[in-house]
Amino acid sequence: MILTFDHVTKFYGPVIGVNNISCRIGPGITGLFGANGAGKSTLMKLASGQLRPSQGDVRIGDTRAWSFSAKRLFGYSPDLNSFYEEMTGREFVYVMARMYGMTKGEARDRTEAVLVEVGMSDRAGRRIAGCSHGMRQRIKLAQALIHDPPVLLLDEPLSGIDPGGRREISNLLLEQGEKGKTILVSSHILVETESLADSVLIIARGRIVASGTLREIRAMLEDRPLTVEIVSEDARRLASLLVNEPDVRGIELRSDSLVVKTRNPQRFFGLINDMIAENGVSVRKLQSLDAGADAVFNYLQQGAR
Amino acid sequence: MRLLRAWSTLLWLSFRRLLWSGSTLMVMLPLAACLLFIVTWRKHLPGDSFAAFNIFSQFLMLVFASFVVPICAVAYATSGIGGDREDRTLLFLLIRPVPRPLILLAKYVATLPLAVGIVMTAFYVYCLSVNHEIGWDAYKLYMPAIFYMTIAYIGLFHFFAVTFRHSTIIALIYSLFMELLLGNMPGIVKRVAINYYGRSLMYAAGSPLGLERPSPEWFEPISAAAATLTLIGIAAGGLLIALVVFQRREYTDLT
Chain A
1 MILTFDHVTK
11 FYGPVIGVNN
21 ISCRIGPGIT
31 GLFGANGAGK
41 STLMKLASGQ
51 LRPSQGDVRI
61 GDTRAWSFSA
71 KRLFGYSPDL
81 NSFYEEMTGR
91 EFVYVMARMY
101 GMTKGEARDR
111 TEAVLVEVGM
121 SDRAGRRIAG
131 CSHGMRQRIK
141 LAQALIHDPP
151 VLLLDEPLSG
161 IDPGGRREIS
171 NLLLEQGEKG
181 KTILVSSHIL
191 VETESLADSV
201 LIIARGRIVA
211 SGTLREIRAM
221 LEDRPLTVEI
231 VSEDARRLAS
241 LLVNEPDVRG
251 IELRSDSLVV
261 KTRNPQRFFG
271 LINDMIAENG
281 VSVRKLQSLD
291 AGADAVFNYL
301 QQGAR
Chain B
1001 MRLLRAWSTL
1011 LWLSFRRLLW
1021 SGSTLMVMLP
1031 LAACLLFIVT
1041 WRKHLPGDSF
1051 AAFNIFSQFL
1061 MLVFASFVVP
1071 ICAVAYATSG
1081 IGGDREDRTL
1091 LFLLIRPVPR
1101 PLILLAKYVA
1111 TLPLAVGIVM
1121 TAFYVYCLSV
1131 NHEIGWDAYK
1141 LYMPAIFYMT
1151 IAYIGLFHFF
1161 AVTFRHSTII
1171 ALIYSLFMEL
1181 LLGNMPGIVK
1191 RVAINYYGRS
1201 LMYAAGSPLG
1211 LERPSPEWFE
1221 PISAAAATLT
1231 LIGIAAGGLL
1241 IALVVFQRRE
1251 YTDLT
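The listed protein sequences correspond, in order, to chains A and B. Here our numbering is used: the first residue of the first sequence is 1, the next is one more, and so on. Here our numbering is used: the first residue of the second sequence is 1001, the next is one more, and so on.
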C-alpha cells in the first residue's frame, strides 16, 4: 500500500510545519530523518490523520488519511510516553485490539501474538506505571501491530531501547518490511536506523531535502567538499606540503593532527597516498569526518538554510 | 457490528476510568459536607411545615442546585474527554477506526449515569436526612429540575472539554463565577446562568406547597415550560456543538 503526500503544506497559525511536500512511500522500510523541529512529527501526524493538511492531500492507498476509515489501514506508534498507566501492558494492548472491533477471543489471541512478536509476553502482566522506557516502547509497538495493518508509522521506535532490544525490534521491523508492509520510521539519529531502511527521506525546515537510498544520497554529494582528519606525528610538515595544493580549501592544524577541507575527495585521497610514498610522512590515521550518515544529513540540512 | 463492539469497549473503558478516578473523590467531599450540614441543622427546622419547606427549598436552591450540582457535573463531564486530553491518552483513541463523534458520544454516555446517578442519589439522601415529611415532598417536586440542570451542565461542560486545553479549570471558574455570582445577581443578568432556569422550575414546582417567591426585582422566574425547554436546549445544544467541534478539531498538543 502506498502512502502519498501530494503537495502537502501544514501551517500552525503563522508558523509553517511542512512546506509543499510531495512523495510516495511504498512497501519496505523508509527512514524519515531530520533534526528536532524539522517537521518529522508533523509529517507523521498528517500521515496518521491527526492533522489535516492546510494545502494538498495525504492518502493511504486511495483513502484520505484524515478519514476514520483510513485508521484501519495503519498502525501508529507515537513518540509519546503517556498511557493508561493503571492498566497492565497486556490489558492496554487488549483494549486497543477491542477498539478495532475484534471479538474478545480474537482480541485475546492477537494480543498474545503481538506481545510475543515485540518480546513482551513474559512482562506484559506488569502495570504500565511500573514499566521501563524500553518496555513502554514495545507496548506502543504492540498496539500499532495489533490489527496487522498494511502501513506502519513509527515515531522514534528505537529511542530508549537497549542495544539487544534494538536488534530484536530491528529484526521485527525487517520481517514486517519483508511481508510487503509500508513502514515509515522517523528518527533524529540517522545511524540508529540507517541499517534498517531501504530508503530514506531527509527533512529539514519543513521540506524534504533528499530522498532515495543512502548510497544514492551519498553519490549526490560526491562533488561536495569533504572534511578529512589526518593523525600524524609530522602534522606540521604535512600541512606545509598540502597548503599549496589546488584541491585543498583549508587546513586546521591541531596538536597531533590536521583537519583538511578538500573540494575533490577522490583526487585528494590520491594526493595523500603519493605524499606518504614520496616524502616518507608517517600517517597513523586518516578518516573522513563527513563520511558517516549523520554527515549526509548535516550537509543537506545546511543546504536547506 | 465491529463498530458497535469498538464503541462499547470505549464506553466501558470510559465508564470504568471515570468511576475509579479522582473525580469520584472530588465530588464526595462537597456531597459529604452538605450531608453533614443537613444532619446538624435539621433540628433547627421550624415545626411548621410551610416554613420548614421554604427553608429547605432555599437551601436546595442556593447550595445544592447552584454549587453542588455544577461541581458534580464538572468533575465527570470534563474528566471524560478532557482527562484523556490532559493525560495525552486521547491520541490512542483518535487513531482507532471509530468516528470522532462516536468517541465523544461514548464519553458522554459514560458520564451521564455517573453524574446524574450521584446527583440524584445525593439529592435523595439529603431529602431523607432532613428527617421531616417535607423531605419527601421536596424530592418529588424538585427531582425534574435537578435532573434537567444536571444534564444541562453535562452538555455544556462537554463543550468546554473539547474546546479548552484545561477544561476542568475553566468549568470550575464558570461554575463559581457565572453560576454562583452572576446567577445570584439581581435583575436580568442571572439569565446567563443555568441555575436560573433550574430555580425557575423549582419555584414553579414548589409554589403549590407554599414556596414563597422572592421579590420580582430580585428574582423573576420564567415559566416552567420555558425553563424546561431552555435546560433541554442547553443540554442538547452543548452536546451537539461539542460533537461538531470534536469532529473538526486538530489536537496538536497530544505529542
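Ideal Cβ placement from N, Cα and C applies to all residues, glycine included.
- Taking B/Pro-1186 as the centre and dropping the five residues before and after it, the same chain places the C-beta of Glu-1217 and Trp-1218 closer than 7 Å to its C-beta, in chain order.
- Under the DSSP definition of a beta bridge, A/Thr-227 partners with A/Lys-261.
- Identification of chain B residues near A/Leu-43 by a Cβ-Cβ cut-off of 8 Å yields none; the smallest Cβ-Cβ distance measures about 12 Å.
- Within 10 angstroms of the beta-carbon of B/Ser-1175 lie 16 or more other beta-carbons, which makes it buried.
- Under the Cβ criterion of 8 Å, B/Thr-1078 is not counted among the residues facing chain A.
- The C-alpha of A/Val-95 lies about 48 Å from the C-alpha of B/Ile-1134.
- Taking A/Ala-277 as reference, the option from A/Leu-173, A/Pro-53 and A/Leu-238 with the minimal CA-CA separation is A/Leu-238.
- Taken in chain order, the members of the stretch 95-107 of chain A whose beta-carbon sits within less than 8 Å of a beta-carbon on chain B are Val-95, Met-96, Arg-98, Met-99, Tyr-100, Gly-101, Met-102 and Thr-103.
- The bridge partners DSSP lists for A/Gln-50 come to none.
- According to the DSSP assignment, A/Cys-131 belongs to no alpha helix (DSSP H), since it is labelled neither H nor E.
- If you ignore the 5 residues before and after B/Leu-1112, its C-beta comes within less than 8 Å of the C-beta of Ile-1151 and Ile-1154, all in its own chain and listed in chain order.
- Note on geometry: alpha-carbon atoms of A/Glu-91 and A/Arg-126 lie some 10 Å from one another.
- In this structure A/His-147 is buried. Its beta-carbon is surrounded by 16 or more other beta-carbon atoms within 10 angstroms.
- Against A/Lys-181, chain B offers no close residue; the least beta-carbon distance is about 17 Å (beta-carbon pairs closer than 9 Å).
- With fewer than three CB-CB distances shorter than 8 Å, the stretch 1118-1128 of chain B does not count as touching the stretch 1190-1207 of chain B.
- For A/Gln-50, the nearest beta carbon of chain B is closer than 8 Å to its own beta carbon.
- Under the three-state reduction of DSSP output, B/Asn-1195 falls in the helix class.
- For A/Thr-63, the beta-bridge partners assigned by DSSP are A/Ile-60.
- In the DSSP assignment, B/Ser-1167 falls within the alpha helix (DSSP H) that extends over 1167-1173.
- DSSP places A/Lys-71 outside any alpha helix (DSSP H), giving it a letter other than H or E.
- Distance from the CA atom of A/Arg-59 to the CA atom of B/Arg-1249, rounded to whole angstroms, is 19 Å.
- Here A/Lys-181 is buried, its C-beta having at least 16 other C-beta atoms within 10 Å.
- Measuring C-alpha to C-alpha distances from B/Pro-1208 to each of B/Asn-1195, B/Gly-1198 and B/Ala-1138 identifies B/Ala-1138 as the nearest.
- Counting C-beta atoms within 10 angstroms of its own C-beta, B/Ile-1173 has fewer than 16 neighbours from the protein chains shown and is therefore classed as exposed.
- In the structure shown, A/Lys-10 adopts extended strand secondary structure according to DSSP, grouped into three states.
- Linking B/Ile-1146 to A/Ser-77 through their CA atoms gives a straight-line distance of about 45 Å.
- Apart from sequence neighbours up to five positions away, the residues of its chain that approach B/Arg-1096 with a beta-carbon distance below 7 Å are Ala-1006, ordered along the chain.
- Chain order gives no chain B residues near A/Arg-136, where near means a beta carbon separation below 7 Å; the closest approach is about 13 Å.
- Pairing B/Ser-1066 with B/Leu-1180 gives a Cβ-Cβ distance under 8 Å.
- Going by beta carbons, B/Gly-1206 and B/Tyr-1148 fall outside the 8 Å limit.
- Rounded to the nearest angstrom, the Cβ distance from A/Asp-155 to A/Ser-82 is 13 Å, too far for a contact under 8 Å.
- The beta carbon of B/Phe-1246 sits closer than 8 Å to the beta carbons of Ile-1081, Arg-1100, Pro-1101, Ile-1103, Leu-1104 and Val-1162 from its chain, once the five residues preceding and following it are set aside; these are given in chain order.
- Contact with chain B is found for A/Arg-72, since one of that chain's Cβ atoms lies less than 8 Å from the residue's Cβ.
- Residues Ser-1200 of the same chain have their beta carbon placed closer than 6 Å to that of B/Ile-1222, with the five preceding and five following residues left out of the count.
- Any Cβ of chain A closer than 8 Å to the Cβ of B/Val-1098 would place that residue at the interface, and such an atom is present.
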